[in-house]
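Student: Pasting a structure here, questions to come.
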Amino acid sequence: MRRARGAIERAELLLVVFDGSLPLTADDHLVLTETLDKPRVLVRNKCDLPLCWAPEALAAGEAPWVDISASQGHGLAVLEHTLGQQVLGDVSSGQEEVLLTQERHWHSLTRVLQNVQAAEQGLRQGIPLEFVAFDVTEALQHVAEVLGESCTGEVLDRIFSRFCIGK
């Protein structure tokens, strides 16, 4: 249970799954209480079987809940959509947010920002254009890395370290 609590603490979003074909237990209610302050999606599994409780029994507050049948595949599209909304927010809201899944993308985009700021500062200070062009070229190189149009040796090393290529 200690490991589970540690994982709950580190998680940015919880997917809390309950067996809908069995009555809720004291442990189920404990999980609900201990995860109350975390972003979460509640899932009632086994919706293809007779259900023993209504979602209102979870007293989930603002947390969304989804009925699924993992064995039959029912409700998985709704679950996927709900998770997407929780992670990305409402994409139709017009907010421009980006989700970076790789640490190297974060570093590359940080370098893009630094290069663009250096180029802008160079233009304001009247630095020769070839130096400003160098900063702009560097920024474009980092953008190409994020888009997969350019690949550094570091990226190749990381890729080949994760896969066994051979016989």
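Position 42 of the sequence shown, counted from 1, bears residue number 42 in the UniProt record's numbering, the numbering being contiguous throughout. For glycine and all other residues, C-beta sits at the position ideal for the given N, C-alpha and C.
Please report the residue range of the alpha helix (DSSP H) in which L15 lies.
Tutor: Within the sequence shown, numbered from 1, the residue matching residue 15 stands at position 15. Segment L14 to D19 is the beta strand (DSSP E) holding L15; no alpha helix (DSSP H) there.
Student: Looking at the secondary structure, which residues open and close the beta strand (DSSP E) in which L51 lies?
Tutor: Along the sequence shown, one-based indexing puts residue 51 at 51. Premise fails: L51 is in no beta strand (DSSP E) and is neither H nor E.
Student: Cβ of V16 within 9 Å of Cβ of L32?
Tutor: In the sequence shown, the residue the question calls residue 16 occupies position 16. In the sequence shown, the residue the question calls residue 32 occupies position 32. Result yes, Cβ atoms of V16 and L32 sit closer than 9 Å.
Student: Am I right that A139 and V112 are in contact with their C-beta atoms under 8 Å? What's the rounded C-beta distance?
Tutor: As a first step, residue 139 is located in the sequence shown; it is residue number 139 there, counting from the start. As a first step, residue 112 is located in the sequence shown; it is residue number 112 there, counting from the start. 5 Å between Cβ atoms; contact.
Student: How big is the Cα-Cα spacing for H81 and T110?
Tutor: Translated into the one-based positions of the sequence shown, residue 81 becomes position 81. Translated into the one-based positions of the sequence shown, residue 110 becomes position 110. Computed Cα separation, rounded: 30 Å.
Student: Going by DSSP, name the residue or residues bridged to L42.
Tutor: Indexing the sequence shown from 1 puts residue 42 at position 42. V16 and W65.
Student: Take the Cβ of H29 as the centre, count every other Cβ of all protein chains shown within 10 Å, and call the residue buried at 16 or more, exposed below.
Tutor: The residue you call residue 29 lines up with position 29 of the sequence shown. Under this definition H29 is an exposed residue.
Student: L58 and V41 - do their beta-carbons sit closer together than 9 Å?
Tutor: As a first step, residue 41 must be located in the sequence shown, where it is residue number 41. As a first step, residue 58 must be located in the sequence shown, where it is residue number 58. No, the Cβ-Cβ distance between V41 and L58 is not below 9 Å.
Student: Flag this pair as yes or no: are the beta carbons of G73 and L49 separated by less than 9 Å?
Tutor: Here residue 73 is taken as the residue at index 73 of the sequence shown, counted from 1. Here residue 49 is taken as the residue at index 49 of the sequence shown, counted from 1. Taking 9 Å as the Cβ cut-off, G73 and L49 do not qualify as a contacting pair.
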